[in-house]
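First up is the structure itself, then whatever we jot down about it.
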Amino acid sequence: MMANQYDLKSVKLPYLAGGVLKLFASLVEGALKGALIPTLFESAGVTWLRKQHFDEAPTYAPIHYTGQLQKEAATVPEAEFPTSPSQGKGFVFTSIHEYANAYRARTLTPEDVAKRVLEAIEQSEASSQPLRAFIAVNREDVLRQAKESTQRFKDGKPLSIFDGVPVAVKDEIDMTPYPTTVGTSFLGKTPAREDATVVARLRSAGALLIGKTNMHEIGINVTGLNPHHGTTRNPYNPAHFTGGSSSGSATAVAAGFVPVAIGADGGGSIRIPAGFCGLVGLKATYGRVSEFGAFPLDWTVAHIGPIAGSATDAALTYALIAGPDPKDDISLHQPLPSIKGWDDTNLKGLRIGIYREWFNHADKEVVAACEAMLKQFEAMGCEVKEIVIPNLEANRIAHTVTIVSEMVQGMSQTYDEHHKEHGLDVRINLALGRQFSADDYVKAQRIRTRMIAHFNKAFNDVDVILTPTTAIAAPEIKKGALPDGESDLSVTVEIMRFATAANLTGLPAITFPAGYTQKGLPIGMQAMGRAWDEVTLLRLAYAAEKVVEHKAPQVHFKVL
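The C-terminal residue of the sequence shown carries number 655 in our numbering, and the numbering is unbroken.
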């Protein structure tokens with residue numbers, strides 16, 4: 096199976112919501128699953144997978160070995176941190192530097208900011224269309240942190256540029272004093288015992304940790320519709336989805352509650368909502384950012400990373416959270432992180448790979464915006480080269496089998512007692528995943544081996560590969576979808592078309608704004624890079640924001 100022709104397909108599957116969705120969930124979990132699942136597997140490509148033979152040995156985790164093994168925790172030296180904010184065109188999100196400068200100029204204190212953020216969140220929740228960015232905010236804890244940060248500034252001893260800067264964290268990641276619900280109604284009955292490593296690094300830098308952000312339940316879909324905690328809405332147009340599963344993190348940044356938030360990405364879950372909300376979202380190389388303290392959902396495709404209003408703030412946050420961590424053995428297999436040269440806008444000679452059929456497999460407005468951005472990169476001196484990535488349909492199926500199988504295992508201890516407490520779309524996906532076999536999973540890992548080889552071959556000739564972030568802009572929230580959910584697999588395929596390859600292969604990828612639709616919805620562009628070369632991706636995002644005219648969201652709170 097080495098066909099070089101483009102084989103990814105759009106699919107047309109029925110839209111389910113309301114009573115029909117509830118009935119279907121019951122049937123696929125019950126006695127009729129034997130009749131329904133073969134048809135569903137045929138549509139999803141699983142039947143095709145079962146007929147294939149692969150010669151490659153399986154790759155069970157996409158670790159890009161460097162020949163060196165780190166022994167101690169380490170992050171980017173603070174001397175490398177950006178010293179000034181991005182200067183984009185048009186609307187500009189409030190930056191980390193602006194918070195830091197206000198505190199040092201004593202025009203505001205972290206206590207002032209904490210109160211303003213809390214007031215903005217309360218104002219949003221009281222509106223006719225609440226954004227539902229947060230699952231939990233502990234007001235007492237936020238004000239305590241802010242008071243301590245304010246005292247450090249009075250003493251002239253701020254911990255770092257992050258001291259007092261509001262940051263939000265996806266509710267898939269442990270953060271005291273909060274429980275971790277992973278977007279469910281039944282998990283997280285007790286607070287986390289300790290911070291995840293990413294949160295610990297933010298806390299040690301003095302970040303003002305605002306709360307836990309909303310997410311698509313257990314991260315198993317990409318809209319942000321959550322029947323338990325409320326559906327997250329897009330600040331650019333609250334009638335549209337934010338994208339998921341790090342939906343609340345993207346909304347929190349786009350709405351101005353925080354300049355940066357932490358997301359998690361198993362199948363585009365940082366890049367998709369960041370793209371839908373006109374933000375920068377970075378999924379680093381597999382193992383670059385410690386997974387210690389993340390809920391065990393999808394081990395071999397999982398990544399934690401920043402969603403930010405600018406490339407500068409994405410770089411700052413990446414620099415703080417990246418690097419080896421003795422609590423996560425996989426993170427020890429990496430070269431020490433650096434962001435030297437990340438803001439070098441001289442792109443002359445940078446080789447951009449374009450797989451034209453893949454690049455063009457999107458809505459016309461999306462393709463036009465990304466094509467315009469590509470021409471801007473050419474004008475900056477980049478060289479555009481046509482490439483081919485075979486077996487993208489096999490990649491899609493392999494990623495689906497991998498992530499859903501791992502989520503089934505991750506939720507196995509609670510399934511018997513609580514599976515009917517999940518949202519309807521989650522119940523359907525878990526029921527299907529429970530029918531995957533060991534043979535399916537191993538074949539998916541053999542495809543992973545092949546896809547890593549395909550992308551590494553392409554990176555012999557190019558430095559980055561560019562695509563749209565998603566094939567469509569943020570979809571509208573259908574009336575029938577609320578409050579119980581929907582199943583719209585045709586749209587899911589469009590949203591995830593360009594995202595999953597970076598998760599299956601473990602290669603780094605970033606999204607950054609490329610333009611807007613006629614209705615004012617953001618359009619994102621994605622860049623994939625070689626293992627451990629996050630710097631080049633940040634360079635592209637930084638260069639792009641110099642030429643794209645940014646627009647303000649419909650709903651935005653100016654905390655400063």
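Ideal placement from N, C-alpha and C gives every residue a C-beta, glycine not left out.
Here Arg-296 carries a helix assignment [DSSP, helix/strand/coil].
Contact between Ala-228 and Ala-152 does not hold, since the beta-carbon distance rounds to 44 Å and is not under 8 Å. Per DSSP, the beta bridge partners of Asn-332 are Asn-329. Under the DSSP definition of a beta bridge, Gly-624 partners with Val-559. Sequence-distant Cβ neighbours of Glu-488 in its own chain, meaning closer than 6 Å and more than five residues away, are Asp-102 and Leu-103. Counting C-beta atoms within 10 angstroms of its own C-beta, His-148 has fewer than 16 neighbours from the protein chains shown and is therefore classed as exposed. When DSSP assignments are scanned along the stretch 217-251, the uninterrupted stretches of alpha helix (DSSP H) that are 4 or more residues long and fall wholly within it turn out to be 234-249. Following the DSSP letters along the chain, one finds Lys-265 inside the beta strand (DSSP E) bounded by residues 261-265.
DSSP places Ile-365 in no alpha helix (DSSP H); its state is neither H nor E. Taking 8 Å as the cut-off, the beta carbon of Thr-292 is found no closer than this to the beta carbon of Phe-390. When rounded, the separation of the alpha-carbon atoms in Glu-206 and Ser-341 is 27 Å. According to DSSP, residue pairing for Ser-582 in a beta bridge involves Leu-111. Within the stretch 605-651, the beta strand (DSSP E) runs of at least 3 residues that lie entirely inside it are, in chain order, 617-624. Nearest C-alpha to Thr-606 among Pro-368, Asp-583 and Leu-616: Pro-368.
A Cβ-Cβ separation of about 5 Å places Asn-524 in contact with Ile-315 under the 8 Å criterion.
DSSP places Ala-474 inside the alpha helix (DSSP H), whose first and last residues are 459-474. In the structure shown, Ala-417 adopts extended strand secondary structure according to DSSP, grouped into three states. Nearest to Tyr-611 by alpha-carbon distance, out of Trp-453, Pro-109 and His-645, is His-645. DSSP, read as helix, strand or coil, puts Val-479 in strand. Fewer than three Cβ pairs drawn from the stretch 131-144 and the stretch 407-414 lie within less than 8 Å of each other, which leaves the two stretches out of contact. By the Cβ-count criterion, Lys-265 is buried, with 16 or more other Cβ atoms from all chains shown falling within 10 Å of its own Cβ. The three-state secondary structure of Ile-425, taken from DSSP, is helix.
For Arg-451, the number of other beta carbons within 10 angstroms of its own is below 16, and it is reported as exposed. The Cβ atoms of Leu-577 and Tyr-331 lie no closer than 8 Å to each other.
In the three-state reduction of the DSSP assignment, Pro-401 falls in the strand class, which pools E and B. C-alpha of Gly-601 to C-alpha of Lys-166: approximately 22 Å in a straight line. Nearest in C-alpha terms to Leu-374, of all of Glu-478, Gln-504, Gln-163 and Ser-181, is Ser-181. By the neighbour-count criterion, in which 16 or more other beta carbons inside 10 Å mark a residue as buried, Leu-127 falls on the exposed side. The DSSP-derived three-state label of Val-384 is strand.
For Arg-446, the beta-bridge partners assigned by DSSP are Glu-478. Checking the DSSP bridge columns, you'll see Lys-378 partnered with Ala-604.
Residue environment analysis places Asn-309 among the buried positions, since at least 16 neighbouring C-beta atoms fall within 10 angstroms of its C-beta. In the DSSP assignment, Lys-552 falls within the alpha helix (DSSP H) that extends over 533-553. Between Asn-598 and Gly-278, the gap from beta carbon to beta carbon reaches 8 Å or more. The stretch 249-260 and the stretch 217-224 do not touch, with fewer than 3 CB-CB distances between them shorter than 8 Å.
Contact between Ala-604 and Met-623 holds: CB atoms are separated by about 5 Å, below the 8 Å threshold.
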